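Residue 0 in numbering that gives the first Met the number 0 sits at position 1 of the sequence shown; the count goes up by one each step and never skips. We treat Cβ as the ideally placed atom computed from N, Cα and C, and that holds for glycine. It should be emphasised that the depicted structure is a prediction, and the values quoted were computed from it without experimental measurement.
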Amino acid sequence: MRILDHESDVICRIFKAHLAGRTAREIANGLNEDGVIAPRGGSWDASTINGNKAHSHGRRGRTPKRPFSGLLRCGKCGGGMSIHDRSGSAIRIRCSTARESGSCDNDKRYRLDKIEHAVLAKLKAELADPIYVKE
Ligand SMILES: [Zn+2]
């Protein structure tokens, strides 16, 4: 699965923009202007980021249950990932295409909680960077 580098950069960018008080629509516009390709291909809109159109207004909307689940892609087919099973805080995700149609042969399961942890750790490290502390 391709979460590292490019996609975690995008996720970090989205989180930083959220922290700065930007709305999902503003974040989406910024990503489109910079030519960042949305997870489903094409352009970003508020629902790409929020994962739910109902929460596209206001910066303090309810946060999605799993912050990155809508942004993760299968490394083989590029399809979305969906939750496979969970036990306690351990949540496993797998390729939706493989599960639903079998046209992708990626049957690996990934630990979503570990992915979230890794991305948040990276984000934390970036936020500790003096470049963001200025002003
Ligand atoms: Zn796949």
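Beta-carbon proximity of residue i to residue j, cut-off 7 Å
| i | j | result |
| --- | --- | --- |
| serine 159 | glycine 79 | Since the first residue of the chain shown is 0 and the last is 134, residue 159 is not available in this structure. |
| tryptophan 43 | alanine 27 | yes |
| aspartate 112 | alanine 89 | yes |
| leucine 210 | isoleucine 114 | In the structure as shown, the chain starts at 0 and stops at 134, and residue 210 therefore has no counterpart that could be examined. |
| alanine 97 | aspartate 106 | yes |
| arginine 72 | arginine 93 | no |
Straight-line gap, residue i to residue j (C-alpha atoms, nearest Å)
| i | j | result |
| --- | --- | --- |
| glycine 29 | alanine 37 | 12 Å |
| alanine 16 | arginine 91 | 28 Å |
| alanine 45 | lysine 123 | 24 Å |
| aspartate 33 | histidine 83 | 33 Å |
| cysteine 76 | threonine 47 | 19 Å |
| serine 81 | alanine 120 | 23 Å |
| arginine 58 | arginine 24 | A caution first: arginine 58 carries a pLDDT of 42, below 50, which makes its placement in the model unreliable, though a value can still be read off. Taking the straight line joining both Cα atoms gives about 10 Å. |
| phenylalanine 14 | arginine 85 | 25 Å |
| asparagine 31 | glutamate 125 | 22 Å |
| arginine 12 | glycine 87 | 29 Å |
| arginine 39 | arginine 110 | 21 Å |
| arginine 21 | glycine 74 | 30 Å |
Legend entry - Complete runs of the beta strand (DSSP E) confined to the stretch 78-103 [at least 3 residues]: 80-86 and 89-94
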